[in-house]
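Reminder that position 13 of the sequence shown reads as 13 in full-length UniProt numbering, one-by-one numbering, no gaps.
Heads up, the beta-carbon is just placed ideally off N, CA and C, and yes, glycines get one too.
What you are looking at is a predicted structure, and each value in this text was computed from that prediction instead of being measured.
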Amino acid sequence: MLQKILALGIGGFIGSNFRYWITFWTQTLFGNKFPHGTLIVNILGCFILGFLTVYGNEITKLSLNTKLLLGTGMMGALTTFSTFSYETINLIRQSDYRLALINVFLNLFVGFTAVLLGFEFAKKI
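This is how it looks when you write it as structure tokens:
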């Protein structure tokens, strides 16, 4: 039980730090008009989780604690549906409907595509 708690905690620590620093870096590069950071962490998380699903279950057998650390902990803290939803609603409230639609499309379509690419990449290793 303690190992599971530690795996989740360490993964969450790593994922939340990645999320913060990726968001900070993208705001520095691109500004705050569009939520680039959330988009990037969601796509990255989709790809990594897709990869881990195939690689960790079909290619090698990752332990439950490793899956908890990388999948639930790290990817759970890295990706964020709530922030994506909040930022999309803020774009709508600012009457920037075009950017809101672009944000929804990119997060969903590119996210789904990233999961599939993660599956395929894991199968080729």
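Given a cut-off of 8 angstroms on the beta-carbon distance, is the pair VAL41 and PHE119 in contact?
One thing to note: VAL41 has its Cβ no nearer than 8 angstroms to the Cβ of PHE119.
According to DSSP, is PHE34 helix, strand or coil?
Look at PHE34 here: in three-state DSSP terms it is coil, with no helix or strand label.
Measure the C-alpha to C-alpha separation of GLY35 and ASN103 and round it to an integer number of angstroms.
Here residue 35 turns out to be Pro, not Gly, going by the sequence shown. ASN103 has its alpha-carbon roughly 8 angstroms from the corresponding atom of PRO35.
What residue range does the alpha helix (DSSP H) around VAL110 cover?
No alpha helix (DSSP H) contains VAL110, which DSSP labels as neither H nor E.
Just verifying my parser: in three-state terms, what is the DSSP assignment at residue 135?
The structure shown has nothing for residue 135, since the chain only spans 1 to 125.
MET74 (DSSP reduced to helix, strand or coil):
Helix at MET74.
With a 10 Å radius around its C-beta and 16 neighbouring C-beta atoms as the bar for buried, classify ILE59 as buried or exposed.
Under this definition ILE59 is an exposed residue.
With a cut-off of 8 angstroms, does the C-beta of LYS124 fall near any C-beta of chain D?
Looking for chain D here will not work: only one protein chain is present.
Contact test: PHE119 Cβ vs the ligand MN heavy atom, cutoff 7 angstroms
With respect to the ligand MN, the structure offers nothing, as it holds no ligand at all.
Residue closest to PHE13, alpha-carbon to alpha-carbon, out of GLN27, LEU39, ALA100, LEU78:
Nearest option by C-alpha distance: LEU78.
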